[in-house]
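Just below is one structure, and these are the notes that go with it.
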Amino acid sequence: MLQGCNGTPKSKAAKDIGICFERIDIEKAYTLENSASDFDNETDLSAGCKAELVLPTEYLGQDIKAFRDSIFRIAFDTITPDVSTAIESYFRNRCEDMGYTPATLDVTKATADSLASAKASLNNYDGFVGVKGDVAALTSEYISYGVTLSAYYPRAAHGMYTTQYVTYSATAGKVVTLDELFTQEGLAALPAILRNRANSMKGYIGETNVNELPSGNNFYLNANGEIVFVYQPYEVASYAQGRISIPVEPYSVNNYLSPLGAKVLLGE
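Those letters in the sequence shown? Residues 420 to 687, per the numbering used here, in order.
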């Protein structure tokens with residue numbers, strides 16, 4: 420059962436609840452200085468930024484600091500206890516990537532509400548930067564977490580987004596990577612396995628060009644215990660097809676699992 424701590428002391432939360440969460444919601448807005456002339460606009464353009472994450476703080480009494488650090492590193496390119504400063508620094512850096520120096524705008528309640536989504540935000544701003552994090556799957560054996568980074572540059576044809584996952588195994592007592600779950604032989608064999616699987620799914624994911632593992636060995640474990648390999652937009656298919664997710668049952672690749680992989684994925 421998922422529930423927040425609601426002020427419950429940590430020791431009691433870990434024992435009686437098992438898992439606790441904290442919610443991070445931060446909105447900022449910036450003027451992109453000296454952008455007006457580049458777009459033949461009367462005033463400088465603006466960018467709305469939003470970070471929205473539901474983060475685990477307790478998981479079955481285990482030490483998940485490294486797991487949380489991994490999430491923050493994916494989301495904000497840093498690890499720091501000063502979350503607000505790290506997020507604002509990330510927002511400013513992404514606005515600078517648009518080619519301009521950001522100057523802080525006051526975010527009223529009305530405009531803060533508009534940052535609930537990139538689509539709504541663009542009714543008030545010319546550009547958008549978003550960070551969204553949430554649990555992809557949660558069981559008593561593992562928790563997988565996904566961070567989606569999105570951005571829309573002013574006047575661009577469309578925005579862009581990526582989703583990166585990290586998985587903590589209660590069995591292993593740590594964050595687990597693909598390199599740890601599979602043997603070297605298995606890692607070499609996976610692209611062909613994924614290509615065949617993608618071809619069998621063509622009816623609903625469309626044409627793909629799978630020749631290698633996802634960038635960053637991107638994967639998560641879903642609630643059914645499958646290993647889901649995730650390719651970003653443009654990586655193996657058109658932008659319109661979005662993320663391409665290819666699930667693989669662990670038993671079908673059991674010959675390629677490392678001893679840790681067999682323990683985590685098959686309970687052996």
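Each residue gets a CB set at the ideal place from its N, CA and C atoms; glycine is no exception.
Sequence-distant residues of its chain with Cβ nearer than 8 Å to residue i (five each side left out)
| i | result |
| --- | --- |
| Asn453 | Asp463, Tyr519 and Thr520 |
| Gly625 | Ala656, Ser657 and Gln660 |
| Pro610 | Val629, Asn630, Glu631 and Leu632 |
| Asn573 | It is Pro, not Asn, that sits at residue 573 in the sequence shown. Leu451, Ser454, Phe458, Leu464, Ala466, Met517, Asp545 and Gly546, listed in sequence order. |
| Tyr478 | Gly437, Ile438, Phe486, Ile562, Tyr587 and Ala589 |
Sequence-distant residues of its chain with Cβ nearer than 6 Å to residue i (five each side left out)
| i | result |
| --- | --- |
| Gln651 | Thr581 |
| Lys551 | Glu471 and Thr567 |
| Cys514 | Tyr449, Ala466 and Pro521 |
| Asn703 | Coverage of the chain is limited to positions 420 through 687, which leaves residue 703 absent and any answer about it impossible. |
Spatially closest choice to residue i from the options, by CA coordinates
| i | options | result |
| --- | --- | --- |
| Gly622 | Ile663, Gln583 and Asp516 | Ile663 |
| Asp553 | Leu568, Asp545, Glu515 and Phe458 | Leu568 |
| Asn618 | Ile665, Ile646, Leu597 and Tyr587 | Ile665 |
| Met579 | Phe440, Glu654 and Ile438 | Glu654 |
| Gln481 | Val566, Ala522, Glu471 and Cys439 | Cys439 |
| Thr476 | Cys514, Tyr449 and Gly437 | Gly437 |
Own chain partners of residue i with C-beta closer than 7 Å, once the 5 adjacent residues on each side are dropped
| i | result |
| --- | --- |
| Asp496 | Tyr509 |
| Ser677 | Glu599, Leu600, Phe601 and Thr602 |
| Tyr675 | Phe601, Thr602, Glu604, Gly605 and Ala608 |
| Arg492 | Ile498 |
Identified DSSP bridge partners for residue i
| i | result |
| --- | --- |
| Leu606 | Partner(s): none; Leu606 has no beta bridge. |
| Leu479 | Note: Leu479 sits in no beta bridge, so no partner. |
With 16 other Cβ atoms within 10 Å as the buried cut-off, status of residue i
| i | result |
| --- | --- |
| Thr558 | exposed |
| Lys484 | exposed |
| Pro500 | exposed |
| Glu461 | exposed |
| Leu684 | buried |
Q | Inter-stretch contact at 8 Å, needing at least 3 Cβ pairs: the region 501-514 / the region 439-450 | A | yes
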